[in-house]
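To keep things clear, I will list the structure first and then write my remarks on it.
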Amino acid sequence: MSPFDIDIIRAKIAIILENLKALEPIKEMNRDEYLRDLYKRKATERLLQELIEAAIDINTHVIVDSGHAPPEDYYQSFIQAGELGFLSPGLAEKLAPSDGLRNRLVHEYDRIDHSIILKAVTMAEELYPEYVEEISAILSRQA
Numbered sequence: 320m321s322p323f324d325i326d327i328i329r330a331k332i333a334i335i336l337e338n339l340k341a342l343e344p345i346k347e348m349n350r351d352e353y354l355r356d357l358y359k360r361k362a363t364e365r366l367l368q369e370l371i372e373a374a375i376d377i378n379t380h381v382i383v384d385s386g387h388a389p390p391e392d393y394y395q396s397f398i399q400a401g402e403l404g405f406l407s408p409g410l411a412e413k414l415a416p417s418d419g420l421r422n423r424l425v426h427e428y429d430r431i432d433h434s435i436i437l438k439a440v441t442m443a444e445e446l447y448p449e450y451v452e453e454i455s456a457i458l459s460r461q462a
């Protein structure tokens with residue numbers, strides 16, 4: 320197993336943490352407030368997209384650098400990270416559907432269901448800090 324590039328992973332973790340912090344005010348908004356504010360809607364979508372993509376990049380990085388074949392797709396990057404012990408399997412299964420949200424944000428941006436986005440903010444606030452903890456533990460063992 321080759322060592323991970325800790326600086327790359329730390330930079331991606333920083334993106335996740337920065338975006339989680341930026342999303343904090345959104346979870347306090349009700350749906351009507353959210354819908355009235357175009358800038359907050361667009362910022363929320365972009366923050367979620369970046370956060371998810373940073374996690375996918377981390378997953379792929381640790382999988383490949385540990386000598387395994389790259390995941391077949393973004394969903395599998397979470398599942399495979401769980402199977403290989405980089406994430407707890409339960410967390411990996413909960414986060415894997417983030418791929419579908421990311422795809423909708425990137426490819427179906429004109430048909431976004433804003434209720435799903437608001438739920439995704441809550442999900443991100445609940446699950447991604449745990450993701451950061453688990454990945455940070457790997458970095459600690461690697462260093």
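Each residue of the sequence shown is one higher than the one before, counting from 320 in the working numbering.
Using N, Cα and C, we set each Cβ at its ideal position, and we do this for glycine too.
Keep in mind that this is a model prediction, so the values were computed, not measured.
Length of the line joining the Cα atoms of residue i and residue j
| i | j | result |
| --- | --- | --- |
| R365 | G386 | 32 Å |
| Q395 | A411 | 9 Å |
| N422 | P389 | 19 Å |
| V451 | I345 | 21 Å |
| H433 | E372 | 20 Å |
| L370 | I435 | 16 Å |
| E352 | E449 | 29 Å |
| I327 | G401 | 20 Å |
| L367 | N338 | 7 Å |
| H380 | L403 | 13 Å |
| I377 | I332 | 8 Å |
| D429 | T441 | 22 Å |
| L437 | K359 | 11 Å |
DSSP three-state assignment for residue i, whether helix, strand or coil
| i | result |
| --- | --- |
| F323 | coil |
| N349 | coil |
| D376 | helix |
Buried versus exposed call for residue i [16 or more other C-beta atoms within 10 Å across all chains shown]
| i | result |
| --- | --- |
| S417 | buried |
| A456 | exposed |
| T363 | buried |
| N349 | exposed |
| A374 | buried |
| L424 | buried |
| L406 | buried |
Neighbourhood of residue i by C-beta distance below 7 Å, restricted to the same chain and skipping five residues each side
| i | result |
| --- | --- |
| V383 | P389 |
| A415 | Y394, F397, I398 |
| A341 | L366 |
| M413 | Looking at the sequence provided, one finds Lys at residue 413 rather than Met. If we look at K413 and ignore the five residues flanking it on each side, its Cβ neighbours are L446. |
| L336 | V451 |
Cβ shell of residue i (< 8 Å), same chain only, five flanking positions each side left out
| i | result |
| --- | --- |
| I334 | E369, L370, A373 |
| R329 | L458 |
Contact set for residue i: own chain, Cβ-Cβ below 6 Å, skip 5 residues either direction
| i | result |
| --- | --- |
| P549 | Examination of residue 549 is not possible in this model, given that the chain is present from 320 through 462 alone. |
Minimum length 4: unbroken alpha helix (DSSP H) runs contained in the segment 385-444: The alpha helix (DSSP H) runs lying completely inside the segment 385-444 and spanning 4 residues or more are 393-402, 408-414, 417-426, given in chain order.
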